[in-house]
Each structure stands twice: as structure tokens, then as C-alpha cells.
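I have placed the structure first, in the form of C-alpha cells, so that the comments after it can refer back to it.
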Amino acid sequence: MARGTATRKRAAKPAAKKAEPKPEPEPEPAPARKKVTAKRGTKRAAEEPPAEEVPATAAAAKDAEPEDRPPVEAPAAKRRRVEPKAPKAPKPPPSLFPGQPALELFMFGTNSFGALGMGDPEHADDPDTLSQIPRPKQPVTEEHKFVQVVCGGMHTVGLTVEGDVYTWGVNDEGALGRKTSGTCWEKEPEDQKGDSFLPGLAPLPGGVKALQVAAGDGFTFAIGTDGCLYGCGHFKDEIGAVSGFTPDAKMLGLFTLVWKPESLRDRIKKLECGARHAALLTNRGDVLTWGSGSQGQLGRVKPYHQDSEQQPSAEQLFKPTRVELLPYALGNATPVDIACGAYSTFVIAKDGTVAAWGLNNSGQLGIPKANNDDNIKWEPESVDSLAGVTHIAGGEQHTLALTKKGVLLSFGAGTYGMLGRRDVNTNSANDLHPEPKPVDGLEGLKVAGIAAGTNVSACTTGDGDAYFWGSNTNLQLAKGTDEDDEPVPKKMGRVKVFGHRKIFAVCFGGQHGALLAGPQGPPPGAAAAPATVAPVPAAAAATAADGAGPSTAAAPAAPAAEANGPESMETDAKSSAASGEAQTANGASA
Numbered sequence: 001m002a003r004g005t006a007t008r009k010r011a012a013k014p015a016a017k018k019a020e021p022k023p024e025p026e027p028e029p030a031p032a033r034k035k036v037t038a039k040r041g042t043k044r045a046a047e048e049p050p051a052e053e054v055p056a057t058a059a060a061a062k063d064a065e066p067e068d069r070p071p072v073e074a075p076a077a078k079r080r081r082v083e084p085k086a087p088k089a090p091k092p093p094p095s096l097f098p099g100q101p102a103l104e105l106f107m108f109g110t111n112s113f114g115a116l117g118m119g120d121p122e123h124a125d126d127p128d129t130l131s132q133i134p135r136p137k138q139p140v141t142e143e144h145k146f147v148q149v150v151c152g153g154m155h156t157v158g159l160t161v162e163g164d165v166y167t168w169g170v171n172d173e174g175a176l177g178r179k180t181s182g183t184c185w186e187k188e189p190e191d192q193k194g195d196s197f198l199p200g201l202a203p204l205p206g207g208v209k210a211l212q213v214a215a216g217d218g219f220t221f222a223i224g225t226d227g228c229l230y231g232c233g234h235f236k237d238e239i240g241a242v243s244g245f246t247p248d249a250k251m252l253g254l255f256t257l258v259w260k261p262e263s264l265r266d267r268i269k270k271l272e273c274g275a276r277h278a279a280l281l282t283n284r285g286d287v288l289t290w291g292s293g294s295q296g297q298l299g300r301v302k303p304y305h306q307d308s309e310q311q312p313s314a315e316q317l318f319k320p321t322r323v324e325l326l327p328y329a330l331g332n333a334t335p336v337d338i339a340c341g342a343y344s345t346f347v348i349a350k351d352g353t354v355a356a357w358g359l360n361n362s363g364q365l366g367i368p369k370a371n372n373d374d375n376i377k378w379e380p381e382s383v384d385s386l387a388g389v390t391h392i393a394g395g396e397q398h399t400l401a402l403t404k405k406g407v408l409l410s411f412g413a414g415t416y417g418m419l420g421r422r423d424v425n426t427n428s429a430n431d432l433h434p435e436p437k438p439v440d441g442l443e444g445l446k447v448a449g450i451a452a453g454t455n456v457s458a459c460t461t462g463d464g465d466a467y468f469w470g471s472n473t474n475l476q477l478a479k480g481t482d483e484d485d486e487p488v489p490k491k492m493g494r495v496k497v498f499g500h501r502k503i504f505a506v507c508f509g510g511q512h513g514a515l516l517a518g519p520q521g522p523p524p525g526a527a528a529a530p531a532t533v534a535p536v537p538a539a540a541a542a543t544a545a546d547g548a549g550p551s552t553a554a555a556p557a558a559p560a561a562e563a564n565g566p567e568s569m570e571t572d573a574k575s576s577a578a579s580g581e582a583q584t585a586n587g588a589s590a
């Protein structure tokens with residue numbers, strides 16, 4: 001029988017002799033089928049066919065075809081519950097200012113023209129809630145973090161950590177650098193225009209990012225990462241003599257290249273704006289000015305007025321030009337910092353020497369008036385009373401200056417209490433104080449940053465607080481709806497929405513204000529580290545001029561002070577504190 005069969009028969013024996021036949025034996029029964037059982041943990045498929053006969057020998061099994069073997073399922077693996085992973089938080093965009101704090105923006109004051117970025121009050125359910133913001137409140141920019149904010153007369157400019165420029169407010173003459181409704185862009189299609197009452201991106205040409213911004217009454221400037229200066233808007237002349245923006249354009253509605261450095265040493269170190277003029281400081285130490293010059297604020301044009309026979313040309317006014325006579329006023333010392341008041345310009349040299357020019361009718365240059373000829377200083381002049389100060393912030397009729405030890409000085413007109421001094425008659429416009437003296441109410445505090453507006457003043461301290469004084473007619477003191485003036489500094493109350501954030505910078509516009517605040521600090525009463533000067537965003541400039549210039553929370557590196565400078569005034573301030581003549585005015589928390 002062929003191999004591989006399922007049954008066998010016995011082999012027949014050889015016959016020795018003839019015998020009677022025996023009955024043939026019955027065939028052996030076939031071996032029982034082997035039942036294939038699945039291992040524990042498996043299931044037989046419902047459609048599995050019956051098991052085939054299993055070969056009786058190993059050889060038979062070897063020759064069996066694969067399809068003769070029933071498939072045996074592998075043991076099923078135990079299922080494990082996999083917890084869903086939490087979605088990863090999106091990475092923040094890379095900062096153009098590494099190592100500098102990413103700050104939150106808060107606005108306060110009046111919002112009649114959209115300078116607060118809260119939206120149009122006329123379109124709100126309750127217009128009163130948007131028309132006046134008496135305490136700091138965030139505009140519609142919560143998703144953005146900033147390194148600098150500056151206030152123009154009626155608009156605001158913010159610089160984000162990514163180097164983007166956002167603008168909002170009045171855009172009648174192109175100050176926002178973007179197309180908006182109801183302004184100089186009225187002939188443009190509505191679908192191509194944004195809302196001037198809300199923050200909007202104002203791009204620089206070619207996708208260039210910004211490093212610094214500055215603003216005045218109706219114009220804005222930005223320093224690009226390429227080292228060039230870009231601007232938009234229009235320079236107004238308060239006497240109606242000459243107006244324009246560049247030698248070739250009366251007005252620019254979008255950011256446009258207005259100045260280009262010739263070398264790395266000519267690149268801009270700092271940019272400042274007054275109400276109707278601008279100034280820049282280069283790495284070389286040159287100071288350039290441009291804009292309106294009718295109040296002497298350019299420091300390089302001959303005296304002129306509306307009826308002058310010889311008016312300066314647009315080239316002389318609106319092209320950034322070096323102030324040639326400045327080295328004589330500084331004794332050839334190298335300029336390291338600049339500041340602009342509304343109609344004035346200040347320069348601080350490396351050795352502590354200070355020069356100033358422009359409007360001085362209230363003694364806001366720190367130069368005593370001998371006669372009416374001193375109302376305007378058309379050329380740079382050394383200011384001995386300011387020797388050794390590290391930082392200056394100019395308003396319209398008054399000025400603030402900071403010493404290297406953190407003592408704050410003020411001088412000029414004292415109306416509305418904007419000098420913050422008890423020796424001043426705040427009700428008299430003729431009570432002028434050209435001599436810098438310490439501000440009262442700040443004894444024991446180290447001032448870090450300063451800002452001056454039209455009729456208001458402010459400072460930040462090393463521990464992250466802010467103090468305001470002056471006029472509150474436009475709610476620029478961030479203290480609430482109380483319109484009373486503050487003759488001495490008053491600490492800003494910590495409203496619930498503001499929390500315990502550290503305040504880094506304050507600036508003022510014509511009727512509004514802005515501040516930048518950082519991460520929350522310890523709650524009141526908690527042990528705090530000794531007060532130190534807050535870090536300075538390198539991209540931020542350092543003064544607020546008539547609400548037209550930027551401010552920071554700390555002063556630049558302090559040059560050495562001269563013996564006859566403000567250092568002697570610091571001793572007077574300490575003596576005043578020791579005698580109990582002045583106390584810090586603290587604002588109530590809301």
C-alpha cells in the first residue's frame with residue numbers, strides 16, 4: 001500500500017503446506033482523529049472547517065500539504081488603556097529682543113478719537129464706558145506682547161517683541177501708517193481700510209521689522225532692522241509758516257524710507273520726537289534734527305516767524321541734518337543720550353555735560369531768563385544746572401531730570417502741580433522755576449523711569465510702582481474719576497484687573513496715557529527684594545515729550561556728575577525727608 005495512507009494490513013505468511021482456508025481477519029479500525037484544540041485565550045473562528053485526518057507517522061506529517069493543517073490563532077494581546085496626550089501649547093513667536101521682558105500694554109485717559117484702542121465709543125452699547133478710561137485697561141491687543149509704547153498727540157504706537165508696529169488713534173494726516181476709515185484714506189475702497197479706533201498692523205516696506213518707534217503730533221517714525229529710518233504723517237508748523245514731511249512730500253500715509261545711514265557708525269542709536277520735530281543720535285555721536293523749527297527746537301536754523309521775509313526751505317527743515325554747533329556747547333564731549341520736550345531738545349554727553357535749545361518761555365530748558373530774548377534758544381547752549389543728570393523727560397512748559405542716584409528733579413512752570421513740588425504756587429502761570437529742584441513725596445524711593453506730558457508727570461520706581469502728579473482733567477493720572485489735580489506724586493492704586501504686575505514704563509499723549517507692565521510680583525505685604533532699577537528694553541527710547549515721545553522704566557548708564565551739579569540737591573532731598581517735611585502720597589487700592 002502506498003505510503004501515506006491512513007490504514008495498514010498485515011503481511012501474509014508463506015504457505016508451508018496446504019491448509020484449510022481461514023477466515024480473513026477484519027481490518028483494523030482507523031486511528032481516531034486527533035482533536036485539535038485551541039490554546040487558552042483563543043477563540044475558534046465560526047467558519048473554521050472540520051479538522052482533517054492527521055498523518056499517523058512523522059513522515060506522513062512531513063509530506064502533508066500546508067493547507068491540510070488548520071490555522072492556529074496567536075494568543076490575543078492584552079489591551080492597555082492609553083491616556084490621551086494633552087495638546088502641546090503653541091510655541092511663542094521668536095522675539096527680536098532676546099533677554100528683554102515681553103510686556104503687557106495698558107491705556108487710560110480719554111478716548112474721544114480712538115487713542116486708547118478700545119473701539120469707537122459711538123458704536124458701543126454704553127458709550128460712557130469707552131469714552132473715558134480713568135484707570136489702566138488693556139486695549140484690544142491682549143494677544144500681543146510689547147517692548148515699547150509711545151504716545152503721539154492723538155494716537156498711540158506699540159512695538160511688539162516680534163518687531164511689528166501697531167498703531168491706533170487719529171489718522172487725519174497719515175500718522176498711523178496704514179489705511180483706515182474716515183481719514184485721509186476716504187477715497188480708498190472700504191474693504192481695504194481698517195479701523196483707526198482699534199490697533200492695527202502698520203508694516204514697514206519690504207517686510208522690514210522695527211527696533212525703535214517714536215511719535216509726535218500727527219507723525220510716526222520707526223528704525224528698521226536694516227538701520228534705515230521710516231516715517232509717515234505730517235509736520236505741522238504752529239505759526240503757519242512752513243509745513244510738510246519730507247523735502248519732496250507734504251504728507252506720507254504709509255511708512256516710507258526717509259533717511260539711510262552711510263556707514264555702521266552712522267546708524268541710529270536713539271530716536272526721539274517732540275510735538276512738531278524729531279531728533280536722532282547716531283553711533284558716531286552726531287545729533288540730527290528735522291521738522292518744524294519756529295520755536296528753535298531744531299537748533300540749526302536762523303530765527304524766523306510767520307512774517308519773516310526769509311523762510312527756511314523744505315530741505316532745511318524736513319531733511320535730518322546734523323546740529324553743527326552742538327560740539328561747542330558740550331566742550332567737544334561725545335553725546336550719549338537725547339531727549340525732546342514739546343518744543344525743545346536736550347543732549348547729555350559722556351562726561352555729564354548737558355546742552356539744550358528751543359522754547360524757554362517758562363524756564364523749561366533749565367536756563368534762567370534775563371529778558372525776552374531768552375524765551376527761545378535758537379542754538380545749543382550748555383546748562384550748568386543739569387550737569388551730571390542721566391535722563392531727561394520734557395513736557396510742554398516743564399521738564400523732569402533724573403540723577404544717577406535716582407533722585408528726580410523738576411523745573412519750569414508749576415501750574416496744575418506738574419512740578420510735584422510744595423514750594424510752587426500751582427495756581428499762578430507766572431510762578432516760574434527754571435532752577436532744577438527735587439520732587440517732593442519720593443523720599444526713600446529710587447526712581448527708575450520718568451515721563452512728562454502737557455500738564456502731567458509720572459515716574460516708575462525700582463520696585464515696580466508708578467507715581468503720577470499734575471492735572472487730571474483728561475484722567476491722565478490713572479487714579480479714577482476724581483478730576484482734582486495732584487500737586488505731589490501719588491502712587492497708582494492696584495485695581496483688580498491690573499493685579500500686582502511690575503510697571504516698566506509710562507508715556508503721555510495730548511489727552512491719554514499708556515503704560516507697560518510685566519509679570520506679577522509678590523502680593524502686598526510679602527517680603528520683597530531690595531529695590532533695583534528695572535531692566536531697560538534696548539529698543540525703547542527714554543522720554544515722553546508733550547505726549548509725543550516714548551518713555552522707559554529705567555535710566556541709561558549714569559555718567560559722572562560734576563561738583564556743582566544735581567548731586568548737592570540729593571543731599572537736600574535726604575535732609576528734607578529726615579525732617580519730616582514731605583511724605584510719600586500713596587494711592588488707595590481699588
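Numbering (the UniProt record's numbering) for the sequence shown: 1 to 590. Beta carbons: idealized from backbone N, C-alpha and C, even for Gly.
DSSP places E186 outside both helix and strand once states are collapsed to three, so it counts as coil.
Straight through space, the alpha carbons of K446 and A115 are spaced by roughly 31 Å.
In the three-state reduction of the DSSP assignment, E104 falls in the strand class, which pools E and B. When the beta-carbon positions are compared, C184 and G169 stay at least 9 Å from each other. Here P136 is buried, its C-beta having at least 16 other C-beta atoms within 10 Å.
Membership of F318 in the alpha helix (DSSP H) is indicated by the continuous run 314-318. For L445, there is no enclosing beta strand (DSSP E), as DSSP gives it neither H nor E. Exclusion of the five residues before and after E483 leaves N472, T473 as the residues of its chain whose Cβ lies within less than 7 Å of its Cβ. S294 sits away from E381, with the two beta carbons spaced by 9 Å or more.
Only exposed fits T334, as fewer than 16 other CB atoms lie within 10 angstroms of its CB. Boundaries of the beta strand (DSSP E) around A215: 210-216. Rounded to whole angstroms, the separation of the alpha carbons of Y328 and D217 is 31 Å. For F235, the closest alpha carbon among the candidates T246, L442, V497 is that of T246. Assigned with DSSP and collapsed to three states, L402 falls in strand. G509 and C151 have their C-alpha atoms roughly 5 Å apart. Between T225 and H155, the CB-CB gap reaches or exceeds 9 Å. Annotation for L271: the continuous beta strand (DSSP E) segment containing it runs 268-273. Around the beta carbon of L201, fewer than 16 other beta carbons lie within 10 angstroms, which makes this residue exposed.
Along the length of the stretch 453-505, whole beta strand (DSSP E) runs at least 3 residues long occupy 456-461, 466-470, 486-491, reported in chain order.
Closest option to T110, judged by alpha-carbon separation, among M492, V488, A478: A478. Every unbroken stretch of the beta strand (DSSP E) spanning 3 or more residues and falling wholly within the UniProt repeat "RCC1" (285-351) is given here in chain order: 287-291, 335-340, 344-349. When only Cα atoms are considered, K496 and I133 end up about 15 Å apart.
Residue environment for S263: exposed (fewer than 16 other C-beta atoms within 10 angstroms of its C-beta). Segment contact: the stretch 450-463 against the stretch 428-437, fewer than three CB-CB distances shorter than 8 Å; contact not assigned.
Pairing F468 with G493, the inter-Cα distance amounts to about 11 Å. Nearest in C-alpha terms to L408, of all of T415, L386, Q397, is L386.
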